[in-house]
Amino acid sequence: MIKRTGNHCVYLLFERLSQAHGLRHGVFTRQGGHSSPPFDGLNVATTTGDDPASARRNQQVIASELGLPLISARIAHGCDSCVIERATPDEPLEELRARTRQTVADAMITTETGLGLFWGFGDCAPILLYDPHHRAIALAHGGWRGAAGAIGPRTVDAMRERFGSRPEELIAGVGPAIQSCCYQVSDAVYDAFQRDPRARDNASFIQRADENGASSLYLDVTESNARQLLAAGVRPDHLDIAPHCTGCAADLFYSHRKRPHADGRFGVVIGLAG
Ligand SMILES: [Zn+2]
């Protein structure tokens, strides 16, 4: 990934998406920002313990850096997507943002320009999709529940149905998430992946001894989501995968599982320039 230092922020770009004309995106690290310890510094979550004013300032840092107002649906750890579009061509941005905030979805798709699809992440994989042919984008939230429900392929399906997107034309990035080095899971998580063949056949579980010597199950959230995209028809040479484990990379990312005392979220944005 390509590292960029901005005003009060440091962020990463996927190489392939960074080459797309008129597309802006960023995986923002926790570096920079205005939050005090233990949330230092660019935490975007207003509801996990940090001073909400600091988190909102940090969201402003991100919006200013990319030159896009941010828009977010309400995450529910499900697999549904929503289409972000103005109700009428002159619908004010604030009304669109307010409507979207009331919409429950774990993937946002749009062809609207001048908007940054935005969520905070803290172990779940951000999935970014760009269809250069139809000028359509998506941001999906691929935590273990999302991955167990094949949210990546479902979002590809939603883009196909709505915009005519073809998987082989998509440019994709799977961002930092918690990996098998850090993420011990229960049998219930394993079982959840068995219900959808797209999830089951691409899941990245490993079995190894835990600190007590007992055999335990570990999940790689990044890899599971990435494999699902490939199985859905995204070309390997159109896909970038972040190498970072959020559990390991404490200087760069928040981790709900590994650092619950500093339960922030790092911001991820994708948007079409106006
Ligand atoms: Zn790790």
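The numbering used here puts the first residue of the sequence shown at 302, with every later residue one more than the last.
Here a beta-carbon is modelled for each residue, glycine too, at the ideal position from N, C-alpha and C.
Query raised in the report: residue 366: buried (16+ other C-beta within 10 angstroms of its C-beta) or exposed?
Result: For the purposes of this step, residue 366 is taken as residue 65 along the sequence shown, with counting starting at 1. Buried, by the Cβ-count rule.
**Report entry** For residue 441, three-class secondary structure by DSSP
**Finding:** Start at 1 with the first residue of the sequence shown, and residue 441 comes out as number 140. Residue state, collapsed to three classes: strand.
Report task. State buried or exposed for residue 415, treating a residue as buried only when at least 16 other CB atoms are found within 10 Å of its CB. Result -> Taking the first residue of the sequence shown as 1, we reach residue 415 at position 114. Exposed, because fewer than 16 other Cβ atoms sit within 10 Å of the Cβ of residue 415.
Query raised in the report: Alpha carbon to alpha carbon, how far is residue 360 from residue 515?
Result: Translated into the one-based positions of the sequence shown, residue 360 becomes position 59. Translated into the one-based positions of the sequence shown, residue 515 becomes position 214. When rounded, the distance between both Cα atoms is 43 Å.
Query - Chain-order list of residues whose beta-carbon lies under 6 Å from that of residue 493 (same chain, five-residue window excluded) - result: For the purposes of this step, residue 493 is taken as residue 192 along the sequence shown, with counting starting at 1. 449.
Query raised in the report: Hey, is the stretch 439-457 in contact with the stretch 391-400, meaning 3+ C-beta pairs nearer than 8 Å?
Result: no
Requested in this report: Could you round the C-beta distance between residue 382 and residue 459 to whole angstroms and report it? I think they count as a contact, below 8 Å.
Outcome: By 1-based counting over the sequence shown, the position of residue 382 is 81. By 1-based counting over the sequence shown, the position of residue 459 is 158. Indeed they touch by this definition, with Cβ atoms about 4 Å apart.
Query raised in the report: Straight-line CA distance for residue 323 to residue 573?
Result: Counting from one through the sequence shown, the residue named residue 323 turns up at place 22. Counting from one through the sequence shown, the residue named residue 573 turns up at place 272. Roughly 6 Å between the two C-alpha positions.
Report task. Give me the Cα-Cα distance between residue 338 and residue 464, rounded to the nearest whole angstrom. Result -> Against the sequence shown, residue 338 aligns to sequence position 37. Against the sequence shown, residue 464 aligns to sequence position 163. The straight-line gap from Cα to Cα measures roughly 44 Å.
Query raised in the report: Where residue 522 and residue 485 are concerned, what is the direct C-alpha to C-alpha distance, given to the nearest angstrom?
Result: For this step, residue 522 is matched to residue 221 along the sequence shown. For this step, residue 485 is matched to residue 184 along the sequence shown. The alpha-carbon atoms of residue 522 and residue 485 are separated by roughly 11 Å.
Requested in this report: Could you have a look at residue 474 and say whether DSSP puts it in helix, strand or coil?
Outcome: For this step, residue 474 is matched to residue 173 along the sequence shown. Strand at residue 474.
Requested in this report: Give the straight-line distance between the Cα atoms of residue 390 and residue 341, rounded to the nearest whole angstrom.
Outcome: As a working note, residue 390 is residue 89 in the sequence shown. As a working note, residue 341 is residue 40 in the sequence shown. Residue 390 and residue 341 have their C-alpha atoms roughly 40 Å apart.
Query raised in the report: Apart from the five residues on each side of it in sequence, which residues of its chain come closer than 6 Å, Cβ to Cβ, to residue 352?
Result: Start at 1 with the first residue of the sequence shown, and residue 352 comes out as number 51. There are no such residues.
Query - Top-ranked residue by Cα proximity to residue 336, from 473, 555 and 570 - result: Here residue 336 is taken as the residue at index 35 of the sequence shown, counted from 1. The shortest Cα separation from residue 336 among 473, 555 and 570 belongs to 555.
Query - Distance CB(residue 425)-CB(residue 453) smaller than 8 Å - result: Against the sequence shown, residue 425 aligns to sequence position 124. Against the sequence shown, residue 453 aligns to sequence position 152. No. Outside cutoff.
Report task. Report yes if the C-beta of residue 380 is less than 7 Å from at least one heavy atom of ligand 1; otherwise report no. Result -> Within the sequence shown, numbered from 1, the residue matching residue 380 stands at position 79. No, since every heavy atom of ligand 1 falls outside the 7 Å radius drawn around the Cβ of residue 380.
Requested in this report: Could you check what DSSP says for residue 427 in three-state terms: helix, strand or coil?
Outcome: The residue labelled residue 427 in the question sits at position 126 within the sequence shown. The answer is strand: DSSP assigns residue 427 an E or B state.
**Report entry** Nearest-angstrom Cβ-Cβ length linking residue 490 and residue 530, presumed shorter than 8 Å
**Finding:** Taking the sequence shown and counting its residues from 1, the one referred to as residue 490 is at position 189. Taking the sequence shown and counting its residues from 1, the one referred to as residue 530 is at position 229. The Cβ separation is near 20 Å, so there is no contact.
**Report entry** Any alpha helix (DSSP H) of 4 or more consecutive residues that is wholly inside the stretch 373-414
**Finding:** 394-402
Requested in this report: Thinking residue 313 and residue 330 are a contact (beta carbons under 8 Å), I'd like their distance in whole angstroms, please.
Outcome: Working through the sequence shown from its first residue, we reach residue 313 at position 12. Working through the sequence shown from its first residue, we reach residue 330 at position 29. Their Cβ separation, rounded to whole angstroms, is 7 Å, which keeps residue 313 and residue 330 in contact under 8 Å.
Query raised in the report: Of the choices 303, 553, 526 and 549, whose alpha-carbon is the least far from that of residue 443?
Result: Here residue 443 is taken as the residue at index 142 of the sequence shown, counted from 1. Closest by alpha carbon: 526.
Report task. If I'm right that residue 388 touches residue 468 with Cβ under 8 Å, what's the distance once you round it to whole angstroms? Result -> Indexing the sequence shown from 1 puts residue 388 at position 87. Indexing the sequence shown from 1 puts residue 468 at position 167. About 29 Å separates the two Cβ atoms, so there is no contact after all.
Query - residue 566 (DSSP reduced to helix, strand or coil) - result: For this step, residue 566 is matched to residue 265 along the sequence shown. Of the three classes helix, strand and coil, the one that applies to residue 566 here is coil, per DSSP.
Report task. Quickly, what does DSSP pair residue 481 with across the bridge? List them, please. Result -> For the purposes of this step, residue 481 is taken as residue 180 along the sequence shown, with counting starting at 1. Partner(s): none; residue 481 has no beta bridge.
Requested in this report: Sort 567, 563, 562 and 420 by Cα distance to residue 553 and report the nearest one.
Outcome: On the sequence shown, residue 553 is found 252 positions in, with the first residue counted as 1. Among 567, 563, 562 and 420, the Cα nearest to that of residue 553 belongs to 567.
Requested in this report: Below 7 Å CB to CB, which residues in the same chain sit around residue 370 once its five sequence neighbours on both sides are set aside?
Outcome: On the sequence shown, position 69 is the one that residue 370 refers to. Cβ within range, chain order: 364, 394, 416 and 417.
Query raised in the report: Should residue 549 be listed as close to ligand 1, given that the test is whether its C-beta is under 7 Å from any heavy atom?
Result: For the purposes of this step, residue 549 is identified with residue 248 of the sequence shown, where counting begins at 1. Yes; taking the cut-off as 7 Å, the Cβ of residue 549 has a heavy atom of ligand 1 nearer than that.
Query raised in the report: How close, in whole Å, do the beta carbons of residue 372 and residue 407 come, if the pair is a contact with beta carbons under 8 Å?
Result: Numbered from 1 along the sequence shown, position 71 holds the residue referred to as residue 372. Numbered from 1 along the sequence shown, position 106 holds the residue referred to as residue 407. The C-beta distance from residue 372 to residue 407 rounds to 15 Å, too long to fall under 8 Å, and the pair is not in contact.
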